[in-house]
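Protein sequences appear in the order of chains A and B. Under the UniProt record's numbering, think of the first position of the first sequence as 1, with each following residue one higher. Under the UniProt record's numbering, think of the first position of the second sequence as 1, with each following residue one higher. Here is the structure we will look at.
Number of protein chains: 2
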Amino acid sequence: MVEKMGKLRRTHMCGELRSSNIGEEVVLMGWVQKKRNLGSLIFADLRDTMGIAQIVFDDTISEDLFKKAEKVKGEYVIAIKGKVRERESINPSIPTGEIEIIADELKILNESETPPIYIKDNDDVADNMRLKYRYLDLRKPSIQNNLKVRHRTSKIIREFLDENNFVEIETPMLTKPTPEGARDYLVPSRINAGKFYALPQSPQLMKQLLMVAGMDRYYQIVKCFRDEDLRANRQPEFTQVDIEMSFVDIEDIIEINEKLLYKIFKEIKGVEIELPIKRMTYNEAMERFGSDKPDLRFGFELKDITDIVANSDFKVFSGTIKNNGEVRGINIKGHESNFSRKDISKLESYIKDFGAKGLAWIKITEEGISSPIAKFLKEEELEKIIERMDGNKGDLLLFVADKSKVVFDSLGNLRVEVARRLDIIEKDDLKLVWITEFPLFEYDEEKERYVAKHHPFTHPMEEDIHLLETRPQDVRAKAYDIVINGDEMGGGSIRISDSKLQERMFKALGLQEEEVKDKFGFLLEAFKYGTPPHGGIAYGFDRLVMLLTDTNNIRDVIAFPKTQSATCLLTGAPTYIDSEQLKEVHMKLDLEK
Amino acid sequence: MVEKMGKLRRTHMCGELRSSNIGEEVVLMGWVQKKRNLGSLIFADLRDTMGIAQIVFDDTISEDLFKKAEKVKGEYVIAIKGKVRERESINPSIPTGEIEIIADELKILNESETPPIYIKDNDDVADNMRLKYRYLDLRKPSIQNNLKVRHRTSKIIREFLDENNFVEIETPMLTKPTPEGARDYLVPSRINAGKFYALPQSPQLMKQLLMVAGMDRYYQIVKCFRDEDLRANRQPEFTQVDIEMSFVDIEDIIEINEKLLYKIFKEIKGVEIELPIKRMTYNEAMERFGSDKPDLRFGFELKDITDIVANSDFKVFSGTIKNNGEVRGINIKGHESNFSRKDISKLESYIKDFGAKGLAWIKITEEGISSPIAKFLKEEELEKIIERMDGNKGDLLLFVADKSKVVFDSLGNLRVEVARRLDIIEKDDLKLVWITEFPLFEYDEEKERYVAKHHPFTHPMEEDIHLLETRPQDVRAKAYDIVINGDEMGGGSIRISDSKLQERMFKALGLQEEEVKDKFGFLLEAFKYGTPPHGGIAYGFDRLVMLLTDTNNIRDVIAFPKTQSATCLLTGAPTYIDSEQLKEVHMKLDLEK
Numbered sequence: 001m002v003e004k005m006g007k008l009r010r011t012h013m014c015g016e017l018r019s020s021n022i023g024e025e026v027v028l029m030g031w032v033q034k035k036r037n038l039g040s041l042i043f044a045d046l047r048d049t050m051g052i053a054q055i056v057f058d059d060t061i062s063e064d065l066f067k068k069a070e071k072v073k074g075e076y077v078i079a080i081k082g083k084v085r086e087r088e089s090i091n092p093s094i095p096t097g098e099i100e101i102i103a104d105e106l107k108i109l110n111e112s113e114t115p116p117i118y119i120k121d122n123d124d125v126a127d128n129m130r131l132k133y134r135y136l137d138l139r140k141p142s143i144q145n146n147l148k149v150r151h152r153t154s155k156i157i158r159e160f161l162d163e164n165n166f167v168e169i170e171t172p173m174l175t176k177p178t179p180e181g182a183r184d185y186l187v188p189s190r191i192n193a194g195k196f197y198a199l200p201q202s203p204q205l206m207k208q209l210l211m212v213a214g215m216d217r218y219y220q221i222v223k224c225f226r227d228e229d230l231r232a233n234r235q236p237e238f239t240q241v242d243i244e245m246s247f248v249d250i251e252d253i254i255e256i257n258e259k260l261l262y263k264i265f266k267e268i269k270g271v272e273i274e275l276p277i278k279r280m281t282y283n284e285a286m287e288r289f290g291s292d293k294p295d296l297r298f299g300f301e302l303k304d305i306t307d308i309v310a311n312s313d314f315k316v317f318s319g320t321i322k323n324n325g326e327v328r329g330i331n332i333k334g335h336e337s338n339f340s341r342k343d344i345s346k347l348e349s350y351i352k353d354f355g356a357k358g359l360a361w362i363k364i365t366e367e368g369i370s371s372p373i374a375k376f377l378k379e380e381e382l383e384k385i386i387e388r389m390d391g392n393k394g395d396l397l398l399f400v401a402d403k404s405k406v407v408f409d410s411l412g413n414l415r416v417e418v419a420r421r422l423d424i425i426e427k428d429d430l431k432l433v434w435i436t437e438f439p440l441f442e443y444d445e446e447k448e449r450y451v452a453k454h455h456p457f458t459h460p461m462e463e464d465i466h467l468l469e470t471r472p473q474d475v476r477a478k479a480y481d482i483v484i485n486g487d488e489m490g491g492g493s494i495r496i497s498d499s500k501l502q503e504r505m506f507k508a509l510g511l512q513e514e515e516v517k518d519k520f521g522f523l524l525e526a527f528k529y530g531t532p533p534h535g536g537i538a539y540g541f542d543r544l545v546m547l548l549t550d551t552n553n554i555r556d557v558i559a560f561p562k563t564q565s566a567t568c569l570l571t572g573a574p575t576y577i578d579s580e581q582l583k584e585v586h587m588k589l590d591l592e593k
Numbered sequence: 001m002v003e004k005m006g007k008l009r010r011t012h013m014c015g016e017l018r019s020s021n022i023g024e025e026v027v028l029m030g031w032v033q034k035k036r037n038l039g040s041l042i043f044a045d046l047r048d049t050m051g052i053a054q055i056v057f058d059d060t061i062s063e064d065l066f067k068k069a070e071k072v073k074g075e076y077v078i079a080i081k082g083k084v085r086e087r088e089s090i091n092p093s094i095p096t097g098e099i100e101i102i103a104d105e106l107k108i109l110n111e112s113e114t115p116p117i118y119i120k121d122n123d124d125v126a127d128n129m130r131l132k133y134r135y136l137d138l139r140k141p142s143i144q145n146n147l148k149v150r151h152r153t154s155k156i157i158r159e160f161l162d163e164n165n166f167v168e169i170e171t172p173m174l175t176k177p178t179p180e181g182a183r184d185y186l187v188p189s190r191i192n193a194g195k196f197y198a199l200p201q202s203p204q205l206m207k208q209l210l211m212v213a214g215m216d217r218y219y220q221i222v223k224c225f226r227d228e229d230l231r232a233n234r235q236p237e238f239t240q241v242d243i244e245m246s247f248v249d250i251e252d253i254i255e256i257n258e259k260l261l262y263k264i265f266k267e268i269k270g271v272e273i274e275l276p277i278k279r280m281t282y283n284e285a286m287e288r289f290g291s292d293k294p295d296l297r298f299g300f301e302l303k304d305i306t307d308i309v310a311n312s313d314f315k316v317f318s319g320t321i322k323n324n325g326e327v328r329g330i331n332i333k334g335h336e337s338n339f340s341r342k343d344i345s346k347l348e349s350y351i352k353d354f355g356a357k358g359l360a361w362i363k364i365t366e367e368g369i370s371s372p373i374a375k376f377l378k379e380e381e382l383e384k385i386i387e388r389m390d391g392n393k394g395d396l397l398l399f400v401a402d403k404s405k406v407v408f409d410s411l412g413n414l415r416v417e418v419a420r421r422l423d424i425i426e427k428d429d430l431k432l433v434w435i436t437e438f439p440l441f442e443y444d445e446e447k448e449r450y451v452a453k454h455h456p457f458t459h460p461m462e463e464d465i466h467l468l469e470t471r472p473q474d475v476r477a478k479a480y481d482i483v484i485n486g487d488e489m490g491g492g493s494i495r496i497s498d499s500k501l502q503e504r505m506f507k508a509l510g511l512q513e514e515e516v517k518d519k520f521g522f523l524l525e526a527f528k529y530g531t532p533p534h535g536g537i538a539y540g541f542d543r544l545v546m547l548l549t550d551t552n553n554i555r556d557v558i559a560f561p562k563t564q565s566a567t568c569l570l571t572g573a574p575t576y577i578d579s580e581q582l583k584e585v586h587m588k589l590d591l592e593k
């Protein structure tokens with residue numbers, strides 16, 4: 001039997017009562033976390049979004065009321081009125097542990113069947129159950145806390161940007177399909193038969209147009225979409241903090257974003273990050289860490305030994321080098337004894353995912369060198385290698401010989417994997433770094449031409465512009481990423497505002513005039529009418545919140561996430577639809593048999 | 001020739017300089033609004049998003065610099081350095097009118113072709129030009145101001161809700177298609193062949209699930225989508241301020257929303273609205289104003305004369321009444337002389353859009369009654385009508401005889417149209433009203449059954465629940481709309497939280513069990529596990545901003561709006577796509593020949 005609240009109104013939240021409330025009459029409403037029936041006494045833990053309070057029913061209330069209290073079960077929704085009093089046995093593990101409420105009124109506002117998952121943190125129920133019963137999973141304090149941190153973070157970001165004269169402007173969700181870049185989510189148009197909108201992968205062009213429009217400083221916290229095969233921690237829709245400014249160069253953008261990051265970490269984590277944030281060029285990051293998202297919380301830096309082994313009798317090394325490859329290594333300092341041959345062969349199979357054919361290793365043990373490759377190396381070579389690698393007793397040296405890309409990918413990931421296995425990363429350590437001077441282009445093997453590493457509107461570094469036509473691979477971009485603990489949290493660039501330079505850029509990309517006009521014509525047209533110098537940045541908001549909540553799973557910071565096959569286990573989306581509905585948008589299915 | 005900013009950095013915005021800045025050296029950047037060349041003197045108005053400043057170039061600068069200044073044209077982007085000085089001839093019409101800047105440095109940051117539209121407010125260029133060159137249209141101070149008011153309004157809303165313990169939570173954009181309600185925008189799934197997502201028409205079900213999840217107080221400023229044929233002031237995507245609360249009844253929701261509205265009007269318009277806001281039942285609104293969105297800024301209220309003319313010899317009236325119709329009128333008080341016969345026949349053709357067959361009228365002139373219908377009415381009938389209508393010399397009485405719906409629609413719209421033609425509405429008048437006690441159901445002629453007037457989760461009024469099965473047409477809902485100056489700004493309801501009541505509701509709607517399960521199964525499942533009493537409201541944010549900026553055109557409060565055929569004249573969206581792209585999402589075109 002479900003009752004109405006009637007005139008009863010909540011006076012406090014369960015979680016906010018303290019001993020200073022003792023003696024007050026309060027009305028609480030929430031969910032029954034658990035109930036203990038001791039015969040003449042009933043204890044119930046009542047839970048709301050702020051915490052838990054202990055409710056006591058005793059024989060001072062009517063028999064009817066007591067019987068009603070007996071009926072209450074876990075996850076029932078109840079309202080109680082009563083007086084706050086000191087608890088006999090204080091529970092120091094919860095904030096309300098010094099008090100309890102002796103009830104003199106009870107209403108059962110709703111009943112509950114036995115929930116299919118427990119409402120408690122770290123319940124190790126299967127992921128698909130958590131997603132199917134998301135409304136129960138969301139009752140867990142840890143997940144609710146994540147969503148609250150998410151909210152507070154967006155609030156802090158907005159406050160900061162508001163104070164700095166940024167205007168939040170909404171850009172369209174139904175936009176023009178972008179033939180370059182990731183795959184679009186498409187939306188067929190009913191009114192314009194045969195035509196399609198795309199959901200935005202980012203508001204990039206729109207925010208540049210806002211700069212052309214003289215809006216000066218724009219931001220938006222906005223949903224973006226990419227129809228990619230989902231890896232872990234990817235969602236088909238994700239949230240971006242999107243920022244653009246006029247009349248700025250790199251330093252201006254970095255400066256204001258450092259202040260923003262400082263404020264976020266200060267207010268959410270209570271940590272004052274050191275300003276200015278460290279900077280590292282793309283080349284340095286690759287050379288030292290094998291990655292443009294280096295995790296600086298530990299060492300194991302890459303060293304190049306190509307010159308030492310170029311003419312070695314060890315053909316795995318020298319042969320690779322002759323074939324335009326290189327050999328680099330990392331030193332797992334002081335940890336040789338943590339890795340058995342079996343462990344090392346596990347590391348070897350780990351890096352095969354990144355294209356490496358094998359992992360060479362040298363252990364410097366108490367008893368001397370232990371290595372399957374040592375016998376192929378000349379004494380002098382071995383000495384030079386150990387010197388270059390700063391090898392000492394207790395060290396494990398790991399080497400990969402391959403094309404540059406494979407070497408960097410393998411060792412860059414391997415150093416992170418090793419640190420993870422050794423569990424040497426301090427939980428509260430926080431290492432921020434700006435990666436700068438990215439290459440403007442990268443070579444696309446499939447398309448057999450250069451493509452823009454960021455996007456085709458990225459401004460080249462002034463001193464490299466003259467190389468656009470002759471040595472495009474050497475042109476660096478006015479681009480920057482902010483990397484925190486090895487994750488790319490955001491990135492941006494100064495955009496090209498000079499249409500002549502933009503034309504040279506398109507040519508360097510091998511785009512035909514017709515193609516350029518079709519894809520970006522409206523932007524180039526806009527650029528004719530007085531475009532200010534401008535640039536910006538975009539943060540991955542989901543990732544940022546993961547970092548701020550110490551969460552490894554992106555689904556723990558999103559209220560209603562999707563699975564890796566892009567389905568919602570709660571609602572069943574996506575679903576089949578009537579052929580009538582499909583006909584209205586001028587489409588039919590084209591399913592393979 | 002385009003120059004770089006180099007080390008030059010903006011010190012001030014053009015629009016913020018005042019006489020207190022006289023003597024300061026400043027750097028300004030912006031667009032040239034206009035330039036006057038007086039031979040040895042050049043004046044340029046420099047514009048940025050904060051306003052305009054006058055720049056002077058004279059013979060104290062080098063010849064080269066002066067020549068460069070001569071080259072500058074309208075909408076060129078320039079940077080200048082110079083000293084603020086008192087202006088010789090003060091311009092009181094702009095805030096910076098007391099000062100000018102005598103330039104000693106000039107950089108041309110970008111050139112501009114002659115723009116196809118003027119950058120000035122109230123330029124009466126064609127709408128399609130404004131939309132095609134939106135980035136130029138957005139340079140107009142009035143449109144920039146609208147976007148800034150929009151931003152400030154969302155900021156105020158967020159601040160208020162944050163202070164009141166609401167948490168902003170993002171709900172999915174890729175959701176389950178909703179077979180009831182308006183038409184969905186569909187998104188084909190690539191990974192799940194043959195299945196579709198829909199873009200949300202509102203986060204209604206998701207926010208209710210957040211209440212089941214115990215999030216207590218939710219809000220979101222969020223894009224919603226409806227694929228409807230677009231009328232004026234409708235856009236395919238629109239923004240909603242979406243709010244939901246637990247453990248509340250109507251009064252709690254109205255109370256907090258009145259505080260929110262008070263704050264918005266206070267901070268944006270400087271107007272203190274009177275609290276509590278007036279309330280009116282749906283029935284009263286219909287009887288007096290012929291509309292559930294009554295504009296209370298003027299009278300012309302409806303009066304029912306059905307009883308007086310039920311047996312009249314004037315068959316247009318009595319015949320209609322015998323056919324279950326009715327006759328109502330409005331009194332255009334004191335304005336008979338403003339309406340010629342020709343004017344009245346224009347009004348008649350206006351109401352034909354609402355299904356009316358004709359407009360009967362009586363003028364009470366200095367010379368007596370003038371009316372084409374008077375001759376059909378008995379003296380006594382005429383007297384009673386005039387008495388009922390409160391008719392006096394100078395009044396124009398207008399009548400419609402038809403089915404109830406047509407009468408209300410015609411007269412409800414007619415009174416607004418007449419007020420508009422008479423131009424009697426004070427620009428700054430602000431009349432807010434809550435419309436309450438809506439009918440829970442309305443009869444759908446096409447479906448031949450009752451449908452939910454709001455949505456099927458709306459809670460019936462307690463005292464009407466017993467009528468659900470027997471007299472559904474008489475059941476009123478715990479629903480409320482906030483109407484401002486005749487526009488519905490928002491609406492909401494208390495939701496059903498009792499699954500037994502929800503079942504009765506579905507039955508009353510004639511929905512089969514299978515259908516209910518398919519459409520709302522996941523919600524009903526959720527309701528089994530402890531659902532709190534809850535309710536909420538949603539505001540049409542675009543409309544609210546229109547009201548706050550005194551704008552009649554929804555496109556003036558949206559950065560990149562679409563046309564009535566849902567196209568973007570700027571980017572060309574929607575567009576044709578490759579059949580390859582279509583094939584990837586398992587679709588092909590189904591175009592009629």
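Here a beta-carbon is modelled for each residue, glycine too, at the ideal position from N, C-alpha and C.
Pair within 9 Å by beta-carbon distance, residue i and residue j
i	j	result
residue 31/A	residue 2/A	no
residue 409/A	residue 290/A	yes
residue 362/A	residue 370/A	yes
residue 467/B	residue 505/B	no
residue 475/B	residue 460/B	yes
Reduced DSSP category for residue i - H, G, I as helix; E, B as strand; rest coil
i	result
residue 281/A	strand
residue 325/A	coil
residue 416/B	helix
Candidates the options: closest to residue i by CA position
i	options	result
residue 70/A	176/A, 167/A, 56/A and 81/A	56/A
residue 535/B	454/B, 269/B and 555/B	454/B
residue 568/B	44/B, 95/B and 130/B	130/B
Exposure of residue i, with buried meaning 16 or more beta-carbon neighbours within 10 Å
i	result
residue 368/B	exposed
residue 142/A	exposed
residue 561/A	buried
residue 151/A	buried
Inter-residue spacing [alpha-carbon to alpha-carbon] between residue i and residue j
i	j	result
residue 354/A	residue 406/A	6 Å
residue 134/A	residue 213/B	8 Å
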